[in-house]
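8 protein chains.
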Amino acid sequence: MPEGSPADAQAAVPDLSDVATLDLDRAARRGYPEAVYCPGKTAEQLAAIAVAVRERTDIVTLFTRAGPDHAAAVLDALPDAHHDPDSGLLAWPPVPPEPTGGLVVVVAAGTSDLRVAREAMLTARYLGRATELVVDVGVAGLHRVLARLDLLRRARVVVVAAGMDGALPSVVAGLVAAPVVAVPTSVGYGAAFGGIAALLAMLNACAPGVAVVNIDNGYGAGHLAAQIAAPPPDHR
Amino acid sequence: MPEGSPADAQAAVPDLSDVATLDLDRAARRGYPEAVYCPGKTAEQLAAIAVAVRERTDIVTLFTRAGPDHAAAVLDALPDAHHDPDSGLLAWPPVPPEPTGGLVVVVAAGTSDLRVAREAMLTARYLGRATELVVDVGVAGLHRVLARLDLLRRARVVVVAAGMDGALPSVVAGLVAAPVVAVPTSVGYGAAFGGIAALLAMLNACAPGVAVVNIDNGYGAGHLAAQIAAPPPDHR
Amino acid sequence: MPEGSPADAQAAVPDLSDVATLDLDRAARRGYPEAVYCPGKTAEQLAAIAVAVRERTDIVTLFTRAGPDHAAAVLDALPDAHHDPDSGLLAWPPVPPEPTGGLVVVVAAGTSDLRVAREAMLTARYLGRATELVVDVGVAGLHRVLARLDLLRRARVVVVAAGMDGALPSVVAGLVAAPVVAVPTSVGYGAAFGGIAALLAMLNACAPGVAVVNIDNGYGAGHLAAQIAAPPPDHR
Amino acid sequence: MPEGSPADAQAAVPDLSDVATLDLDRAARRGYPEAVYCPGKTAEQLAAIAVAVRERTDIVTLFTRAGPDHAAAVLDALPDAHHDPDSGLLAWPPVPPEPTGGLVVVVAAGTSDLRVAREAMLTARYLGRATELVVDVGVAGLHRVLARLDLLRRARVVVVAAGMDGALPSVVAGLVAAPVVAVPTSVGYGAAFGGIAALLAMLNACAPGVAVVNIDNGYGAGHLAAQIAAPPPDHR
Amino acid sequence: MPEGSPADAQAAVPDLSDVATLDLDRAARRGYPEAVYCPGKTAEQLAAIAVAVRERTDIVTLFTRAGPDHAAAVLDALPDAHHDPDSGLLAWPPVPPEPTGGLVVVVAAGTSDLRVAREAMLTARYLGRATELVVDVGVAGLHRVLARLDLLRRARVVVVAAGMDGALPSVVAGLVAAPVVAVPTSVGYGAAFGGIAALLAMLNACAPGVAVVNIDNGYGAGHLAAQIAAPPPDHR
Amino acid sequence: MPEGSPADAQAAVPDLSDVATLDLDRAARRGYPEAVYCPGKTAEQLAAIAVAVRERTDIVTLFTRAGPDHAAAVLDALPDAHHDPDSGLLAWPPVPPEPTGGLVVVVAAGTSDLRVAREAMLTARYLGRATELVVDVGVAGLHRVLARLDLLRRARVVVVAAGMDGALPSVVAGLVAAPVVAVPTSVGYGAAFGGIAALLAMLNACAPGVAVVNIDNGYGAGHLAAQIAAPPPDHR
Amino acid sequence: MPEGSPADAQAAVPDLSDVATLDLDRAARRGYPEAVYCPGKTAEQLAAIAVAVRERTDIVTLFTRAGPDHAAAVLDALPDAHHDPDSGLLAWPPVPPEPTGGLVVVVAAGTSDLRVAREAMLTARYLGRATELVVDVGVAGLHRVLARLDLLRRARVVVVAAGMDGALPSVVAGLVAAPVVAVPTSVGYGAAFGGIAALLAMLNACAPGVAVVNIDNGYGAGHLAAQIAAPPPDHR
Amino acid sequence: MPEGSPADAQAAVPDLSDVATLDLDRAARRGYPEAVYCPGKTAEQLAAIAVAVRERTDIVTLFTRAGPDHAAAVLDALPDAHHDPDSGLLAWPPVPPEPTGGLVVVVAAGTSDLRVAREAMLTARYLGRATELVVDVGVAGLHRVLARLDLLRRARVVVVAAGMDGALPSVVAGLVAAPVVAVPTSVGYGAAFGGIAALLAMLNACAPGVAVVNIDNGYGAGHLAAQIAAPPPDHR
């Protein structure tokens with residue numbers, strides 16, 4: 083990587099090897115493709131990556147947490163990619179695979195948690211699972227979650243996104259046999275500390291069977307749920 | 083306060099004015115007596131205080147968080163005082179006043195929270211309220227708390243002691259009209275951080291109407307509950 | 083909730099069931115109506131909610147922490163709603179109910195705490211209580227709070243909003259028989275840590291009878307105060 | 083629960099309803115039995131619980147984090163219970179069920195993590211899964227974990243217990259298709275902060291597919307792993 | 083410093099140059115002598131230091147935070163040293179110098195803060211100031227501190243030791259012209275966090291003129307007070 | 083304070099009693115005037131305050147941390163006030179009093195700490211002390227601070243503003259007899275945590291005689307220094 | 083430093099002695115030149131410094147973390163200075179010295195860490211070392227770092243910049259004999275806490291030989307690496 | 083690893099493969115041997131490891147942080163091992179190798195830091211470097227460290243162990259050309275937070291060239307210093 087080489091001036095799109103070492107065989111090795119985390123990457127870097135995956139329609143590439151500029155750079159190279167602005171997700175190719183394995187039910191405790199819940203749901207769907215979404219069933223009105231118990235008990239895994247007190251995963255895990263993937267969200271203020279209160283509550287859930295991921299990490303929750311709900315190995 | 087004065091040698095019990103300025107007229111000013119917090123006080127200091135309140139049977143004096151040595155020093159001066167070793171509470175005079183005002187229901191999320199819940203219940207009782215205790219109704223098995231809904235709805239105020247994820251006050255507050263006094267307990271380990279996880283969850287309770295006190299502060303919860311459930315002013 | 087359904091294109095206002103599960107019978111169940119927390123909700127989502135409550139003039143709906151865009155969306159559907167820009171509160175219907183129960187006195191330690199204190203005062207008023215407001219009586223000049231002692235002692239409950247060292251609730255609780263609802267505010271800088279210093283001071287108040295709520299949570303403080311000062315059950 | 087009732091004097095074993103509300107139908111509701119967390123419970127309370135489950139040999143009861151006194155109290159009532167002193171686990175009845183579902187591989191990054199890893203392994207085994215244990219394969223010597231890749235890739239789920247830098251789950255998750263349950267341990271000193279460093283590293287694992295549980299929570303990790311590796315629903 | 087040299091066997095008292103570099107000319111350079119902080123030092127190391135200062139009766143040497151073993155080692159070499167077991171302070175020579183400069187008033191908010199307050203008072207006295215001690219005048223009963231206002235206003239500097247909510251320094255600083263040295267103490271529990279709550283309250287005191295020192299640092303507070311109340315330079 | 087009263091519409095400048103309770107007799111009580119902290123106050127509120135103090139030229143009023151809008155509002159009412167934009171300080175009347183008492187030397191560890199150091203210096207000057215300023219003498223080049231030793235030793239009190247490692251106050255306190263007021267600044271990044279690193283270093287200064295104030299609190303440091311360097315009481 | 087002196091009006095460039103005390107002989111004393119940290123300095127202050135070093139082409143001056151305005155001010159005085167906008171570094175004179183000593187290999191775990199890695203690499207180069215850069219070899223795909231083992235083992239010191247879980251330095255240190263300088267970056271979100279997670283992981287690296295610097299401190303890492311890889315003393 | 087196998091009963095010393103995977107070829111791979119961290123390991127596990135390395139006298143094995151029981155178990159198997167009780171270090175074989183490379187100077191800021199400093203010094207010595215120790219030269223008396231400047235400037239690397247304010251590494255790094263390895267120690271109390279204050283100060287050292295290791299990590303500091311001071315590669 084020579085400093086200040088004249089090649090830099092020839093093209094706006096940088097040589098990919100200077101900015102990233104794509105792990106394209108991850109799909110073969112792990113059974114799941116690599117995702118591209120957009121924050122901290124320039125539009126030029128994302129464009130270089132988008133071009134590199136354009137012909138690889140056999141595997142799904144997800145671009146996560148894309149802001150408007152990120153999305154524009156990706157869509158410039160992949161105009162037909164699926165783009166969900168709420169969650170900042172782009173998927174290529176745009177059509178998710180035919181679902182296999184068990185059902186993934188994604189629950190958003192409140193309306194403000196929808197952004198994270200949608201990222202989880204779309205990730206699971208593009209990794210090959212059937213998904214359902216349940217909204218605004220926080221513990222302040224228990225009857226709301228109890229009314230959805232049938233759907234929750236049909237799930238192979240339940241993803242619960244909740245901010246503030248983060249109490250919903252404990253309640254849900256106490257009601258179902260399936261594992262619960264808990265995503266703390268940064269929804270709240272003051273002593274919510276950007277999701278720390280919810281994160282700690284989930285790590286200390288008094289019901290066992292709660293798997294915690296990072297604050298606002300809808301992608302990670304969806305990926306984990308897809309792995310848990312994967313078909314038995316002989317079907318892979 | 084002269085240093086090394088010969089008077090020090092004459093008596094094991096120190097001059098009270100050197101160690102404490104009792105606020106005996108607090109009962110008149112605030113309607114509630116002062117309590118004596120035992121940790122950090124020597125047996126000699128507690129003995130001096132116990133002697134000082136012995137004749138004041140018109141007001142209740144509570145000694146809180148008394149360890150065995152603290153309790154022995156108090157009981158030496160006040161052998162008939164009520165002593166609850168589980169919660170470390172001593173009360174003088176030993177018989178609580180006749181209850182007035184509304185009902186205080188105290189809920190312990192788990193068996194390990196009993197110690198704190200009992201301190202709250204006894205405090206409220208000695209400050210003049212009728213009390214009831216409900217045990218082990220954590221959110222991991224919702225049917226347990228739902229089964230006690232009738233009692234909970236009869237309360238003028240509900241005290242909820244919970245550790246770990248601290249989720250129970252949110253759930254209870256969503257079910258009753260009365261205010262909920264939430265006491266985080268230090269029950270738990272790891273990311274419970276000695277009660278911080280429960281404290282944060284309670285401060286961020288998604289149901290309004292939750293009043294939070296310090297971790298393990300059963301005395302404060304009981305005192306606050308007694309004030310909330312106090313009879314109307316014209317009866318005081 | 084079908085992805086990308088054509089119905090999305092027909093109306094700017096989304097189907098409410100996709101974004102929220104209103105708990106409209108909370109007033110019946112708890113005696114107090116649900117509030118709508120605006121941050122994190124889009125103008126479209128708020129408009130859908132505002133339309134849904136328009137005909138329910140029998141119960142009060144509060145929209146809290148509304149920024150200018152939130153307020154515009156609500157006022158578009160409810161042009162006659164009361165709007166207090168300082169505290170970001172909107173109320174529908176605009177006229178508070180006739181006061182019942184005891185008096186709620188709200189104290190702001192400093193001018194900068196007014197925003198939070200007003201949210202508490204308005205919430206208590208719209209939930210049916212008489213309220214009074216006292217401003218700028220911090221502990222650096224004790225004579226200021228002592229001058230208001232008569233008013234403070236007439237309260238059934240005192241709400242104290244304070245930032246920085248959060249010392250005022252301790253001082254007030256030591257002067258009155260009523261419970262004190264302490265609201266830490268994010269006023270301050272440096273080691274105030276956005277309200278943590280005040281929050282910790284309030285949780286460790288050396289006077290008992292202090293109920294703490296989340297940092298800047300004027301709504302929660304007002305709601306709790308309204309419950310504490312509620313008329314005896316037979317009047318509800 | 084009458085205070086100071088004479089019944090208290092008649093028996094050392096307290097009335098169970100005063101100290102716990104067992105959730106014995108949890109096995110029916112969730113498919114997994116309740117566990118009894120020993121810390122904070124007295125020997126008398128544990129004895130009461132042990133007596134209560136003695137005849138329920140159709141479901142497995144686990145006592146977790148039992149110290150010597152806890153264990154003695156349980157073994158007094160259940161002398162044939164299985165007792166693993168390293169991890170503080172007791173199981174009743176003593177023989178684990180015949181394994182069903184997929185393989186659970188439990189990895190301990192270092193020798194000091196064995197205590198937690200064994201709790202996870204035994205929990206998964208008593209909840210009905212086949213298990214394997216791999217020891218001392220931390221990232222400071224990568225060849226050690228690479229040498230066990232075949233076993234790791236046969237797992238339906240991998241549990242990784244690691245303290246200090248908590249780096250092993252990231253590395254393992256990058257090598258296998260199965261989900262990884264990461265258990266931070268309190269092994270370390272100084273800026274390990276009792277497991278916080280490992281906890282944060284695991285929550286920020288750069289490989290997706292990592293489910294985090296509480297620090298030192300081997301029981302929770304084993305329970306979650308058993309749920310993930312459960313046989314398809316029609317076999318339950 | 084040769085490893086394992088035979089000289090080690092000859093004397094229990096180590097060569098001082100191997101364990102400490104005494105700053106004996108600090109008194110000349112700064113006007114105040116060095117103090118010896120005992121924790122983490124062995125009895126042998128303290129004995130070596132005590133022997134080294136025995137003949138230096140022209141300057142005061144303070145040994146701080148001495149536990150029983152530390153004190154015994156020092157008293158073995160300096161049997162006439164003054165020893166205050168409550169605060170763990172030893173002073174050599176035992177008689178404090180004749181007071182000069184202004185008055186130092188030391189205030190303990192509660193009885194449990196006495197230990198720290200005494201360390202401050204004795205330090206100021208041995209560094210040459212006149213001192214007075216006021217006990218148990220916390221803000222929960224304001225009349226107590228207001229009753230001592232005359233004494234407080236005679237001080238050149240006031241030291242205030244307080245734990246829990248740490249509110250007293252703010253109140254005192256608002257009442258006097260002299261600077262206030264605030265010492266947070268570790269008195270309290272739960273969210274007192276070993277003195278952090280008091281420390282933060284003091285750093286955010288809403289009255290200016292508050293100088294904060296480390297938690298439980300009575301020595302530092304007394305030293306600082308002695309410097310502030312020092313006589314004008316021409317008298318030194 | 084009637085809600086929505088017509089008087090609100092009559093004047094842009096609010097009734098002062100609705101927004102602040104000025105403590106104008108503080109100068110008489112404490113010997114030092116009140117300062118007005120600008121953040122969180124509206125231009126209208128500041129204008130009301132500025133008008134109220136306009137005729138009080140016998141005492142100094144300081145407006146601290148004034149941004150451009152704050153400053154404009156104050157200068158509109160007090161066009162001749164002194165304004166130091168770097169530190170955000172305004173002073174009325176503009177000419178500081180004739181200095182009395184001892185010398186206050188203010189030290190800025192680095193150029194970036196100048197903003198805070200100037201606030202301290204100006205505050206001390208307007209409270210009646212002579213001041214000197216020393217810049218950019220951090221511990222990375224010890225010769226710089228050693229070169230200013232003569233000036234430092236002439237001070238009655240030294241104020242040291244430092245960010246990053248906050249090491250300079252320890253070094254200065256070890257070189258002079260006067261007390262050192264240490265102001266941590268928020269200069270730095272990463273693990274400087276907005277001044278926490280410097281704050282902790284200063285609280286743990288290994289040289290005694292260090293008085294710590296809040297992060298970036300130049301005003302408080304200057305106020306404290308003015309009190310320490312005040313002339314003997316008989317001259318006040 | 084006279085206040086408001088007329089000299090201020092004569093020139094936009096301030097007198098350097100009022101804003102900085104340059105440590106120009108640091109190169110002689112330490113063997114390495116001083117760097118100028120730009121944040122918190124005004125364009126005028128930077129211009130004054132740039133002018134002051136213009137003629138000193140015998141030593142290298144680095145300006146670090148320069149934003150666009152900072153860079154413009156420096157380039158105005160030093161138009162031929164080398165400017166790397168990605169890392170915010172400017173160097174004068176522009177050509178780095180001829181390399182001596184050992185090789186410095188700089189590793190960026192991900193593309194987003196490049197900014198910090200480049201700052202480290204350029205610093206080491208301008209301090210006289212040969213450097214190589216390796217990009218995007220995080221532990222989620224171990225084969226990527228293993229493929230560069232030959233280069234890593236040729237280094238006298240390896241700098242590793244990593245955010246999120248900060249696991250890469252542990253892995254690299256376990257593979258090479260050279261010391262590893264670990265730079266945590268603020269890359270990540272949620273429980274990454276702006277680099278704290280990576281910082282803690284690196285401080286707890288289970289492989290010895292890891293030297294940690296501040297979050298995002300590429301300059302410090304490059305400086306340290308240059309010192310470690312310096313030629314033997316007799317060549318200096 | 084069969085559960086409860088009869089082999090367990092045959093020997094007190096467990097099969098090593100069940101408890102540890104020794105990395106004996108680390109010396110070949112990295113040039114430095116593996117150390118055995120004793121805490122969390124049983125005496126039996128340590129005995130098994132000691133037996134395993136007994137015949138490997140060609141490489142040095144260090145046992146770190148050994149308490150009395152750990153040491154007894156190791157010395158039972160290796161009676162001639164060197165044992166330094168102060169630092170808890172044991173070394174086998176007992177004689178350190180002949181020194182090569184540059185000089186390592188280890189500095190202890192105070193007497194209480196000696197324990198950590200000795201661990202660093204002995205580790206560097208057993209890894210093959212010449213070492214010197216300097217004691218009690220904290221920044222409160224700068225003349226002490228300045229008096230040792232000649233020795234410090236002869237070092238290839240300086241290790242500085244300091245607690246409390248952690249200021250010494252900054253000062254030393256500003257005086258020498260060699261890199262400084264800074265070890266924060268847990269010496270201190272209150273806001274020292276077990277070494278966090280010193281750790282943060284060192285990470286924010288205003289002099290570049292400071293490499294930080296974990297709190298109390300004398301072993302890691304000595305290891306890192308030995309690597310930095312290693313002879314040029316052709317001599318290894």
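These protein sequences, in sequence, are chains P, F, H, V, X, B, Y and W. Take 83 as the starting number for the first sequence in the working numbering and just add one per residue. Take 83 as the starting number for the second sequence in the working numbering and just add one per residue. Take 83 as the starting number for the third sequence in the working numbering and just add one per residue. Take 83 as the starting number for the fourth sequence in the working numbering and just add one per residue. Take 83 as the starting number for the fifth sequence in the working numbering and just add one per residue. Take 83 as the starting number for the sixth sequence in the working numbering and just add one per residue. Take 83 as the starting number for the seventh sequence in the working numbering and just add one per residue. Take 83 as the starting number for the eighth sequence in the working numbering and just add one per residue. Glycine included, each C-beta is placed from N, C-alpha and C at the ideal position. None of these values were measured; they are calculated from a predicted model.
With a 10 Å radius around its C-beta and 16 neighbouring C-beta atoms as the bar for buried, classify residue i as buried or exposed.
| i | result |
| --- | --- |
| His152/V | buried |
| Gly149/F | exposed |
| Val177/B | exposed |
| Ala229/B | exposed |
| Thr41/H | Nothing can be reported for residue 41/H, as the shown portion of chain H is limited to 83 through 318. |
| Thr205/B | buried |
| Thr193/X | buried |
Just checking: is the beta-carbon of residue i within a distance shorter than 8 Å of some beta-carbon in chain W?
| i | result |
| --- | --- |
| His253/B | Before going on, a small fix: residue 253/B reads as Val here, not His. Answer yes: the Cβ-Cβ gap between Val253/B and chain W drops below 8 Å somewhere. |
Only counting the same chain, and skipping five residues up and downstream in sequence, which positions put a Cβ closer than 8 Å to that of residue i?
| i | result |
| --- | --- |
| Gln92/H | Bear in mind that the predicted position of Gln92/H carries a pLDDT of just 36, short of 50, making it too unreliable to give a figure here. |
| Pro161/H | none |
Considering only residues of the same chain and omitting the five flanking positions on each side of residue i, which have a CB-CB separation below 7 Å?
| i | result |
| --- | --- |
| Arg147/B | Tyr119, Cys120, Pro121, Gly170 |
| Arg235/F | Val258 |
Spell out whether any CB of chain P is found under 8 Å from the CB atom of residue i.
| i | result |
| --- | --- |
| Ile310/V | yes |
Starting from residue i, find everything on chain D with Cβ-Cβ shorter than 9 Å and list it in chain order.
| i | result |
| --- | --- |
| Tyr301/H | The structure shown contains no chain D; its protein chains are P, F, H, V, X, B, Y and W. |
If we define contact as Cβ-Cβ less than 8 Å, is residue i a contact residue for chain Y?
| i | result |
| --- | --- |
| Gly272/P | no |
Quick one: what does DSSP say residue i is sitting in, helix, strand or coil?
| i | result |
| --- | --- |
| Tyr208/H | helix |
Report all residues from its chain with a CB closer than 6 Å to the CB of residue i; omit the five preceding and five following residues, and keep chain order.
| i | result |
| --- | --- |
| Leu306/P | Val263 |
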